[in-house]
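Protein chains in written order, with full-length UniProt numbering: chain A, 1 to 459; chain B, 1 to 459.
Protein chains: 2
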Amino acid sequence: MTERLVVIGGDAAGMTAASQARRRRPAEDLEIVAFERGRHTSFSACGIPYWIGGTVSGPEALIARTADEHRARGIDLRLGTEVTEIDPDRGRVRSRGADGREEWTSYDHLVIGTGAVPIRPPIPGIDAPGVYGVQTLDDGEAALAALDRGDVRRAVVVGGGYIGVEMAEAMLLHGLEVTLVDRNDQPMNTLDPDMGRLVRKEMEQLGVRIASGAAVREVLTGPDGRARAVVTDEAEHPADIVVLGLGVRPNTELARAAGLPLGAYGGLLTDRAMRVRGTDRVWAGGDCVEVLNLVSRTEQHVPLGTHANKQGRIIGTNIGGGYATFPGIVGTAVSKVCAVEIARTGLKESQARAAGLRFVTATVESTSRAGYYPDAGLMTVKAIAERNSGRLLGLQIVGREGAAKRVDIGAVALTAGMTVEQMVDLDLGYAPPFSPVWDPVLVAARKVADAVAADRRAG
Amino acid sequence: MTERLVVIGGDAAGMTAASQARRRRPAEDLEIVAFERGRHTSFSACGIPYWIGGTVSGPEALIARTADEHRARGIDLRLGTEVTEIDPDRGRVRSRGADGREEWTSYDHLVIGTGAVPIRPPIPGIDAPGVYGVQTLDDGEAALAALDRGDVRRAVVVGGGYIGVEMAEAMLLHGLEVTLVDRNDQPMNTLDPDMGRLVRKEMEQLGVRIASGAAVREVLTGPDGRARAVVTDEAEHPADIVVLGLGVRPNTELARAAGLPLGAYGGLLTDRAMRVRGTDRVWAGGDCVEVLNLVSRTEQHVPLGTHANKQGRIIGTNIGGGYATFPGIVGTAVSKVCAVEIARTGLKESQARAAGLRFVTATVESTSRAGYYPDAGLMTVKAIAERNSGRLLGLQIVGREGAAKRVDIGAVALTAGMTVEQMVDLDLGYAPPFSPVWDPVLVAARKVADAVAADRRAG
Chain A
1 MTERLVVIGG DAAGMTAASQ ARRRRPAEDL EIVAFERGRH TSFSACGIPY WIGGTVSGPE
61 ALIARTADEH RARGIDLRLG TEVTEIDPDR GRVRSRGADG REEWTSYDHL VIGTGAVPIR
121 PPIPGIDAPG VYGVQTLDDG EAALAALDRG DVRRAVVVGG GYIGVEMAEA MLLHGLEVTL
181 VDRNDQPMNT LDPDMGRLVR KEMEQLGVRI ASGAAVREVL TGPDGRARAV VTDEAEHPAD
241 IVVLGLGVRP NTELARAAGL PLGAYGGLLT DRAMRVRGTD RVWAGGDCVE VLNLVSRTEQ
301 HVPLGTHANK QGRIIGTNIG GGYATFPGIV GTAVSKVCAV EIARTGLKES QARAAGLRFV
361 TATVESTSRA GYYPDAGLMT VKAIAERNSG RLLGLQIVGR EGAAKRVDIG AVALTAGMTV
421 EQMVDLDLGY APPFSPVWDP VLVAARKVAD AVAADRRAG
Chain B
1 MTERLVVIGG DAAGMTAASQ ARRRRPAEDL EIVAFERGRH TSFSACGIPY WIGGTVSGPE
61 ALIARTADEH RARGIDLRLG TEVTEIDPDR GRVRSRGADG REEWTSYDHL VIGTGAVPIR
121 PPIPGIDAPG VYGVQTLDDG EAALAALDRG DVRRAVVVGG GYIGVEMAEA MLLHGLEVTL
181 VDRNDQPMNT LDPDMGRLVR KEMEQLGVRI ASGAAVREVL TGPDGRARAV VTDEAEHPAD
241 IVVLGLGVRP NTELARAAGL PLGAYGGLLT DRAMRVRGTD RVWAGGDCVE VLNLVSRTEQ
301 HVPLGTHANK QGRIIGTNIG GGYATFPGIV GTAVSKVCAV EIARTGLKES QARAAGLRFV
361 TATVESTSRA GYYPDAGLMT VKAIAERNSG RLLGLQIVGR EGAAKRVDIG AVALTAGMTV
421 EQMVDLDLGY APPFSPVWDP VLVAARKVAD AVAADRRAG
């Protein structure tokens, strides 16, 4: 008998699950219906800052697989159709089409891939014209249309996280005066403050004004109703364009209404196979779920396309009759502002403390190539290791070309549960164009291993 | 009572050992005498191709620490002084100074860091003017002097390993017509033939003529006695300059004469602490030792500055009263020819076979950045995994910018003994400028994991 898979959300998690299930089960065996309330499927939200900045073309380039491509693979994709209710007891969802018509669709398997929604603080003016999000292709088009008007000179970016610093770069590339407003003391709050300060310094050298430690209170509008300034506790920042990069939260209203289990961050809680806990045929992946951090052993909300793709593939494999599990994450993230690369993995100090871990740290400066090789870029590497055990807990890197992806060394070491002593003699690739004879990560590992040893001696 | 440490060889292993021992023990406690037969200490041999190619300045830039700097740290460094005999029974070495005077020096600890010597096949003409090695600063100066003469148009590089391909790049940078002569079927014999073919194709596109599968028989000289052509079994290759990159072998004649234990490759055999086996106060590190390959569990000769530095540090720590061991290597190596990056770690197919391992492989093509991001460089990644266990055995990468250092992911995974299934969901850094949503290494891991699973099903 043919089963039916219903997918809510046409992006990375949902459509990867659908594609992978289809790969394993033909249409006679598995009917697939996918609901997407927007106009596009499978687009790279992470690419939007680069599209707005003009580094990449768009929006077509950002669409990994079009609606027609999905349909050609036997997926009944319904764009402009919003799911308004999940009824897990009867195994069905209610949807509303573009024409307003509602209907119920029953499922044998349900995949929830509803993603995340941008955080918009409820302050005056936040919804005014001239204030742009960076979440959807429509957001990107609206921001680009505003930039193309030509009378835009000053940009205020609200939020100093990944999207915020990437949008600061995008605005610089448009030749604008850029102010970054961030309620934290430093941009890149996913780094420790000492590493965030390096990012701040680099951004200031790029000409970005950083207004930190100040929450946004209001967006002032002009006589034409458009945003004209961002007001914080401390100052008023004139703006011809305002970009919001305040992060996202799991989009789980539907799931909450259906009584599905949510975690501390509002994300769906799943088992290792990505099945929603307490259910037997409801699955969830991507920005709407919480994931296990393998270092802190706690659930976290980490909205990243790479996790969504992996989780979608795992869900599709399981629905397809195979077996796959998601092991969890170690908190790796990389980004850049112009030539400044930023990377982190594992726990930062405050996260380690919150997890009840005690630790030592070490920070080193080194270069991406042999010091004598041209364009050897400086980088600062900070390593955090657990006291006594010497287990690596986290790695943070800020520097020039070749800095960011070095964090993968830490990501693998964290996954393997390595100690920093074990990392000291890792056989990493060495040649003058690619690394000093001691890779910067090894130098950091060595220094933090010395700190672990000194700490042990001190008792 | 003051002890005396004697070091033979003033390069990476020996001088790092000396410096590290000095850091831990002051001159009152440990006298350090270092013998170096050449004129320099602590220079980066790996940098010589880039100096000859004009990419880096030299030779000063290649000297990590000068003789005077070593002396300022209380090391009695004797340049131009060759050790001619080791007498382990009486704990002394005989040396001959520049003036020909010989003397015995007794030691409490001896470090052998005699490095490696270039392989020079005993064929006619091999020592003619116009034939250059790439091992010492003197080699580099001689080659550069020849290139500066201005009448040099055609270069023949003999040997297709790391030094060979790097010297091919150097010769291209001088605007020469370059022929690479290699007795193997492909350059880069440390890769599998299918991956070596990619290097060959790329080098041919750069304009390098590749004469493979042909051993060198003779170097012809002209009326002026200078090399004028390289003769192989198959052809005669006219040359205004001949560069030898035929690899090196451990320089262990002294050690052999002293009855110290050598392995199958002629390198000194040490214990984990880098003490020469069967001795209690003789240590060895760098290009003159064999190292344990953690994947094949056999000894190998891997002459690389990064190992020499690590081993020197370990020796110095142990002599200094601390405790450190060298865990072994996994066979990581990276290089490049112009924009083509080459990397490998672990075992290639023939090495795995020789170690008695059975395996499956998978090869994928992917990009260094999101496909839509500018300058996304193509790369080919080959992964080798053990049958049944699924343990990663090796990783090879050939591609554009961002390819080489990705091999570090494999190096850490090999060290940790990870299976390719464990690698599939590694939390690697993802952002459009740095990686596709699935890092190329993950794509390869996934494909080879599928191959492992299919192989298991097939029994």
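Where a beta carbon is used, it is the ideal one built from N, C-alpha and C, also for glycine.
Taking 4 residues as the minimum length, the alpha helix (DSSP H) runs contained wholly in the region 370–429 of chain B are 407–416 and 420–424, in order along the chain. When 7 angstroms is used as the limit between beta carbons, Ile409 (chain B) is near these residues of chain A: Asp408 and Val412, in chain order. Chain-ordered, the chain B residues with CB closer than 7 angstroms to the CB of Ile329 (chain A) read Asp427. Following the DSSP letters along the chain, one finds Leu5 (chain B) inside the beta strand (DSSP E) bounded by residues Glu3 to Ile8. Ranked by Cα distance from Asp439 (chain A), the first of A:Ala385, A:Thr306 and A:Gly377 is A:Gly377. Nearest C-alpha to Gly390 (chain B) among B:Glu204, B:Ala449, B:Ser368 and B:Thr252: B:Ala449. Shown here, Asp89 (chain B) sits in coil according to DSSP, grouped into three states, outside any helix or strand. Pro49 (chain A) is a Cβ neighbour of Ala170 (chain A), given a cutoff of 8 angstroms.
One finds Val412, Thr415 and Ala416 in chain B with Cβ atoms closer than 9 angstroms to the Cβ of Met418 (chain A), taken in chain order. For the pair of segments examined, the region 57–68 of chain B was found not to touch the region 348–366 of chain B: the number of CB pairs separated by less than 8 angstroms stays below three.
In the three-state reduction of the DSSP assignment, Trp438 (chain A) falls in the coil class, being assigned neither a helical nor a strand state. At a cut-off of 8 angstroms, the C-beta of Thr114 (chain A) has no neighbouring C-beta in chain B.
Between Pro261 (chain A) and the set A:Thr279, A:Leu246, A:Arg249 and A:Leu244, the nearest pair of CA atoms involves A:Thr279. In this structure, the beta-carbon distance from Ala17 (chain B) to Gly113 (chain B) falls below 8 angstroms. Assigned with DSSP and collapsed to three states, Val199 (chain B) falls in helix. Taking 7 angstroms as the cut-off between beta carbons, the residues of the region 38–53 of chain B near chain A are Ser44, Cys46, Gly47 and Tyr50, in sequence order.
Per DSSP, Ala458 (chain B) lies in no beta strand (DSSP E) and is assigned neither H nor E. Short of 8 angstroms from the beta carbon of Asn318 (chain A), and not among the five residues preceding or following it, lie these beta carbons of its own chain, in chain order: Ala273, Met274, Arg275, Trp283 and Ala324. Taking 7 angstroms as the cut-off between beta carbons, the residues of the region 52–74 of chain B near chain A are Thr55, Val56, Ala61 and Leu62, in sequence order. Judged by DSSP secondary structure, Asn293 (chain A) falls within the beta strand (DSSP E) whose first and last residues are Val291 to Asn293. Under the Cβ distance rule, Tyr323 (chain A) does not count among the residues neighbouring chain B, no pair being separated by less than 8 angstroms.
Shown in chain order are the members of the region 390–404 of chain A whose Cβ falls below 8 angstroms from a Cβ of chain B: Gly402 and Ala404. In this structure, DSSP gives Ile342 (chain B) an extended state, which the three-state scheme calls strand.
About 6 angstroms separates the beta carbon of Ala155 (chain A) from that of Val243 (chain A), a gap short enough to meet the 8 angstroms contact definition.
Of all residues in the region 291–307 of chain B, those with a C-beta nearer than 7 angstroms to a C-beta of chain A are Leu304, Gly305 and Thr306, reading in chain order. Chain A places no beta carbon closer than 8 angstroms to that of Ser350 (chain B), leaving this residue out of the contacts.
Assignment of beta-bridge partners to Leu30 (chain A) by DSSP yields A:Glu3. Neighbours of Tyr372 (chain A) across chain B, judged by C-beta separation under 7 angstroms: Gly47, Val56, Ala61 and Leu62. When 9 angstroms is used as the limit between beta carbons, Lys336 (chain B) is near these residues of chain A: Ala431, Pro433 and Phe434, in chain order. Bounds of the alpha helix (DSSP H) holding Val165 (chain B) are Tyr162 to Leu173.
At a cut-off of 8 angstroms, the C-beta of Asn251 (chain B) has no neighbouring C-beta in chain A. Among the residues facing chain B, Lys310 (chain A) is included, as its CB has a counterpart in that chain under 8 angstroms away.
Partner residues in the beta bridge of Lys336 (chain A), as assigned by DSSP, are A:Glu341. Under the Cβ distance rule, Trp438 (chain A) counts among the residues neighbouring chain B, one pair being separated by less than 8 angstroms. The beta carbon of Asp139 (chain B) lies closer than 8 angstroms to those of Ile48, Tyr132 and Gly133 in the same chain, with the five residues before and after it left out.
Within chain A, the C-beta atoms nearer than 8 angstroms to that of Thr332 (chain B) come from Asp427, Leu428, Gly429 and Tyr430, in chain order.
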